[in-house]
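Have a look at the structure below, then the notes.
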Amino acid sequence: MSDIPISINGQEIGVRPKTTVLEAARALGIHIPTFCFVKGKSKAHCRICLVEVEGRDKPVRSCVTLARPGMVVHTDTAMVKELRKKNLETLAENHFGDCKAPCSMSCPGQINVQGYIAHIRLGQYEEALRLVMERNPLPFSVGRVCPRFCETNCRRALVDQPIAINHLKRFVADWCMANDKDVDLRIEKEPATGKRVAVIGGGPAGLSGAFFLAKYGHQVSILEGEAELGGMLRYGIPGYRIPKAVLDYEIKTILKLGIKVRCGQRWGRDFTLRSLQDEGFDAVLLGVGTQKAKIIDIPGIDLPFVHPATEFLKQVNEGKNHFPGRRAVVLGGTNIGMEAARSLVRLGVKEVIVVHSSSPDKMQAQEHSAKEAEREGVRFIPMASPTQIVERHGTLFLRMQLMELSEPDQGGRQRPVPVSGLTE
871 MSDIPISING
881 QEIGVRPKTT
891 VLEAARALGI
901 HIPTFCFVKG
911 KSKAHCRICL
921 VEVEGRDKPV
931 RSCVTLARPG
941 MVVHTDTAMV
951 KELRKKNLET
961 LAENHFGDCK
971 APCSMSCPGQ
981 INVQGYIAHI
991 RLGQYEEALR
1001 LVMERNPLPF
1011 SVGRVCPRFC
1021 ETNCRRALVD
1031 QPIAINHLKR
1041 FVADWCMAND
1051 KDVDLRIEKE
1061 PATGKRVAVI
1071 GGGPAGLSGA
1081 FFLAKYGHQV
1091 SILEGEAELG
1101 GMLRYGIPGY
1111 RIPKAVLDYE
1121 IKTILKLGIK
1131 VRCGQRWGRD
1141 FTLRSLQDEG
1151 FDAVLLGVGT
1161 QKAKIIDIPG
1171 IDLPFVHPAT
1181 EFLKQVNEGK
1191 NHFPGRRAVV
1201 LGGTNIGMEA
1211 ARSLVRLGVK
1221 EVIVVHSSSP
1231 DKMQAQEHSA
1241 KEAEREGVRF
1251 IPMASPTQIV
1261 ERHGTLFLRM
1271 QLMELSEPDQ
1281 GGRQRPVPVS
1291 GLTE
């Protein structure tokens, strides 16, 4: 069968039967923009590959229009350009979620940031929260303590400042909680599988695992050692950061999927892997968390009134608010150090000091947490490393090694190194 002659932008070419105008243009080296064959694109037509064909009353899609003998095609007329522009604008208005933005790529949970912000812009708050919970079932709590890696990589920062991504997430969660009677998140579940899963641990890991397992159609039971669910969200983070009413509402939202709960249950004391198998569980998910404190190895660390931060915060969250002393020192400029320091201020301790071995601008804690602590009266001693805790007549003293920054290494990095001199 002979080739079909057609003309595109004044260039003649012969093409095989069933060749599209788009393919013919490519053979001539003529570029026609198109999203038709982008991997993962929806089945809807993009209508970006429009061209004009003489004798037709309106532009046609070059991706599906077959070449006809004597066809005369124009790919860059004013009408075509204007229609492509309008169609592209329409796609841009509704494409959120099609492309992965830098903010989403920086998020440990890979939340569709641009998607839920677009829903918020349209006033679709339930849809926004539902989209967040597709990746993170704990938006109420995370919205209050998230380190906000997304905002560090927000493209808006190239213009002025990052979008308040985390506050927007918190906003929709709080809005849905405030309008609970009128909100139905309609979290979909897959058909029941008949499988039973035991989730050991009712903290963030266990609750998240239980949420997704229940969505997949499994029967889920959470076994938690404490009296209430929440783990470090309840016992490690102070109530001024995550109010208990907020955490309770969030847990209730997750349990609505039909998840069963057994509190006060510890592995080895109340159940074993064998006993769970005997109960008919098909699988076990371990979500026991990392509550164990990292203790620095210095003399005096085991003296009375020297507390690991995790244990101290647990006591505070359990309502054991008595703290004997007018002055307190927190060792380490970490996020948990900031929580401990700010909790001490709230307990009425007159002077709270944070000692850390890094420079002020290199402290491990999030910048806003350190600033909040400083605003509340916490004092910082940077570039000092604890070496010993001494008890004298019922009073504790801290011995420290002063530090300074080393000369830059080959990569330009400076590290804290000791200098001569000790101080109490």
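Taking the working numbering, I'd label the letters of the sequence shown as residues 871 to 1294.
Think of the CB as a built atom: it goes at the ideal place given N, C-alpha and C, for glycine as much as any other residue.
If you ignore the 5 residues before and after G979, its C-beta comes within less than 6 Å of the C-beta of R1005, N1006, all in its own chain and listed in chain order.
At least 7 Å separates the beta-carbon of T1123 from that of G1087. Minimum Cα-Cα distance from E1058 among the listed residues M949, M1003, F907, R1283 corresponds to M1003. Here DSSP, grouped into helix, strand and coil, assigns A1062 to coil. Of all alpha-carbon atoms in L1275, L961, T1257, the one lying nearest the alpha-carbon of F1267 is that of T1257. By the criterion of at least three beta-carbon pairs nearer than 8 Å, the stretch 1090 to 1099 is in contact with the stretch 1118 to 1137.
The three-state secondary structure of T904, taken from DSSP, is coil. By the C-beta density criterion, Y986 is buried, having at least 16 other C-beta atoms within 10 angstroms. By the criterion of a C-beta distance shorter than 6 Å, F1010 is surrounded in its chain by A1043, V1116, E1120, once the five residues flanking it on both sides are discounted. Check the Cα spacing between L1143 and each of Q1135, V921, G1134, V1154: the tightest is with V1154. Closest in alpha carbon position to F1041, among H989, K1130, A1243, is H989. Going by DSSP, H944 is part of the beta strand (DSSP E) stretching over 941 to 944.
A1243 is positioned such that its CB atom lies no closer than 7 Å to that of L1272. Between I878 and V943 a beta carbon distance of about 4 Å is seen, short of the 8 Å cut, so the two are scored as contacting. The alpha-carbon of L1055 is positioned some 26 Å away from that of I1070. Scanning the stretch 1034 to 1080 for uninterrupted alpha helix (DSSP H) segments of 4 residues or longer gives 1035 to 1048, listed from N- to C-terminal end. In this structure, V1224 is the residue among K1232, R1262, V1224, F1141 with its C-alpha nearest to the C-alpha of G1247. Uninterrupted beta strand (DSSP E) stretches at least 3 residues long and entirely within the stretch 1089 to 1121 occur at 1089 to 1094, given in chain order. Within a 10 Å sphere around the beta-carbon of P929 sit 16 or more other beta-carbons, which makes this residue buried. The beta-carbon distance between V1176 and R1196, rounded to whole angstroms, is 17 Å. This is too long to meet the 8 Å contact definition. Counted as a single uninterrupted DSSP element, the stretch harbouring G1207 is not any beta strand (DSSP E) but the alpha helix (DSSP H) occupying residues 1205 to 1216.
Collapsing the DSSP output to three states places I987 in a helix. As the crow flies, the alpha-carbon of N957 is around 60 Å from that of R1136. Taking all protein chains in view, the Cβ of H1238 is surrounded by fewer than 16 other Cβ atoms within 10 Å, so the residue is classified as exposed. Going by C-alpha positions, K1162 is about 20 Å away from K1190. With a 10 Å radius around the Cβ and a threshold of 16 neighbouring Cβ atoms, P1074 comes out buried.
The beta-carbon separation of P887 and I876, rounded to 12 Å, does not stay under the 8 Å limit for a contact. Ranked by Cα distance from C977, the options A897, C1016, L936 are led by C1016.
Membership of C1133 in any alpha helix (DSSP H) is not indicated; the residue belongs instead to the beta strand (DSSP E) covering 1130 to 1133. Secondary structure of Q1185 (DSSP, three-state): helix.
Sixteen is the threshold: since fewer than 16 other Cβ atoms of the shown chains lie within 10 Å of the Cβ of I1166, the residue is exposed.
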